[in-house]
Each structure stands twice: as C-alpha cells, then as structure tokens.
Amino acid sequence: MCVIEPSPVVETRRLALRSPQAQDVARLAALANDADIARMTLRMPHPFSTRDAETFVLNVAGQDPATARTFLIEHEDHGPVGVIGLFQDGDVAPEVGYWIGRPFWGRGYATEALEAATVWASRGWRRRALVAGHFADNPASGRVLEKAGFLYTGEVRRGFSRARGAETDTRRMVWLA
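Add 34 to the 1-based position in the sequence shown for this note's numbering, that's all there is to it.
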C-alpha cells in the first residue's frame with residue numbers, strides 16, 4: 035500500500051515544490067494575472083484576481099491527495115515563480131499542467147519543476163505514466179515537456195480555454211517511468 039504524504043515538499047537544486055498557502059495569495063494573483071500565461075491554459079481565467087488566487091489556494095487544500103496534487107514552485111531567491119499540478123482527469127494516467135510567471139521565463143524553472151514532479155509521481159504516487167498537453171501555438175511548452183522526458187502521442191485534442199473563450203488544439207504527450 036502506498037502512503038500519501040499530506041503536504042510533501044519536493045526540493046531541486048534551485049526550487050522547492052510545496053503546497054500553496056494563504057501567504058502566497060498576493061504573489062499568485064500578481065504572477066497569474068497575465069493574459070499570455072492564462073491563454074496558454076485550459077482552466078485559468080483572465081483577469082486573475084486576488085479572489086481567484088484565494089479560491090485556488092482553498093481548492094488545493096481540499097484536493098484528494100490520492101488523485102490530485104498541486105505544488106507552488108518556489109525559487110530559493112525569488113520566492114514563488116509558478117505552479118505545477120498533477121490530477122486525474124479522465125485519462126488512463128494523471129495529467130500534469132504548469133505555468134511560470136513571465137519574469138521567470140527562459141530560466142529552466144518549468145523543466146526543473148516538471149522533472150521533480152515526475153520523480154515525485156513515480157515514487158510518492160507510484161505512477162508509471164503521466165500525460166500532458168500543450169496548445170499547438172505554444173511550442174515552448176512542448177520543449178519543456180520534451181526536456182522532461184515526455185513524448186508526443188500524435189493525438190491532438192480540442193479543449194476550451196477559459197482565458198481565450200475558445201476551443202484550442204492541444205498536442206498530447208506522455209511520460210513513462
């Protein structure tokens with residue numbers, strides 16, 4: 035039997051992945067209130083208010099740790115820089131999604147966090163596979179997934195992006211332990 039930690043902290047060379055807390059609300063709202071971030075996600079609204087950040091933190095606290103785990107990505111010098119989450123969403127394997135605040139793009143934080151999350155999922159959750167997707171017009175996210183060991187499946191799904199208010203093509207990928 036696998037014992038699920040209530041609030042694990044996953045550490046990397048530069049980052050700590052931990053549960054978001056009430057003290058993170060203002061920072062989350064400031065980073066996430068960026069149309070270019072929100073439009074590359076399915077679920078994130080834009081604008082993203084302090085109330086949205088509060089609701090997000092409360093929803094994460096209420097997650098079933100056996101089927102979902104959301105981590106705040108915290109940099110050792112910069113504080114919170116983004117979010118990464120793993121969740122069951124109807125696929126055969128849990129799905130992973132992430133975003134990084136614009137001031138921190140291009141520094142490898144998404145890849146570092148994603149690699150740590152895959153290790154955690156394989157050890158802490160005993161998962162042998164994860165799935166992910168990126169919008170067809172976001173090849174940078176595809177490169178992050180590839181660097182973390184995800185492979186393209188050839189499947190393209192249509193998904194509704196809240197921030198775009200429209201259906202968007204999502205290129206599907208899989209990671210195998």
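From the three backbone atoms N, C-alpha and C, an ideal C-beta is built for every residue, glycine too.
Asked: Check whether the Cβ atoms of Thr204 and Gly167 lie closer than 7 Å to each other.; Found: yes
Asked: Counting C-beta neighbours from all protein chains within 10 Å, is the total for Phe184 16 or more, i.e. buried, or is it exposed?; Found: buried
Asked: Could you tell me whether the Cβ atoms of Ala197 and Arg85 are closer together than 7 Å?; Found: no
Asked: Using 8 Å as the cut-off, can you tell me whether the region 54-67 makes contact with the region 185-194, which would need three or more C-beta pairs spanning the two stretches below that distance?; Found: no
Asked: Once you ignore the five residues that flank Gly34 on each side, which residues in its own chain have a CB closer than 6 Å to its CB?; Found: In this structure the chain extends from 35 to 211, so residue 34 is not present and cannot be described.
Asked: Among Trp139, Pro42, Arg206 and Val43, which has the Cα closest to the Cα of Pro128?; Found: Arg206
Asked: From this set, Thr101, Val117 and Ala95, which residue's C-alpha is nearest Arg161's C-alpha?; Found: Thr101
Asked: Quick check on the burial criterion: 16 or more other C-beta atoms within 10 angstroms. Buried or exposed for Glu45?; Found: exposed
Asked: For the structure I just gave you, are there three or more beta carbon pairs, one from the region 80-95 and one from the region 147-156, closer than 8 Å?; Found: no
Asked: Report the rounded CA-to-CA distance for Asp125 versus His80, giving the unit in angstroms.; Found: 26 Å
Asked: Per DSSP, what kind of secondary structure is Trp139 in: helix, strand or coil?; Found: coil
Asked: Candidates Phe82, Arg77, Gly135 and Val165: which alpha carbon is nearest Gln218's?; Found: The question about residue 218 has no answer, for the chain in this structure spans 35 to 211.
Asked: Indicate whether Ser195 and Leu76 have their beta-carbon atoms separated by less than 7 Å.; Found: yes
Asked: Mapping the DSSP letters down to three states, classify Asp125 as helix, strand or coil.; Found: coil
Asked: Which same chain residues end up closer than 6 Å to Ala66 when comparing Cβ atoms and leaving out the 5 residues on each side of it in sequence?; Found: Phe82
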